[in-house]
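Each step along the sequence shown adds one to the number in numbering that gives the first Met the number 0, with nothing skipped, and position 11 is 10.
One structure is given here, and the rest of the page talks about it.
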Amino acid sequence: MRRSDWGLDRNTALAGGGVLISDKVKLTLDVSADRLEQTDTA
């Protein structure tokens with residue numbers, strides 16, 4: 000993913016510290032899900 004695709008094309012300071020430098024962004028997702036059982040209500 001490129002941050003310039005989302006309009007982030009300037010190198011700016013971040014509120015939490017650090018700066019945006021590279022145009023390429025690596026996303027790491029940690030996803031979990033629970034399966035819900037269906038019940039008949041008829």
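Just so you know, even glycine gets a beta-carbon here, dropped at the ideal spot from N, CA and C.
From a predicted model like this one, the values you see are computed outputs, not experimental measurements.
Alpha-carbon spacing of Gln37 relative to Gly16, whole angstroms:
46 Å
Using the Cα positions of Leu7 and Leu28, report the straight-line distance between them to the nearest angstrom.
21 Å
Residues that Lys23 bridges to, as DSSP identifies them
Arg1
DSSP three-state call for Ala32: helix, strand or coil?
coil
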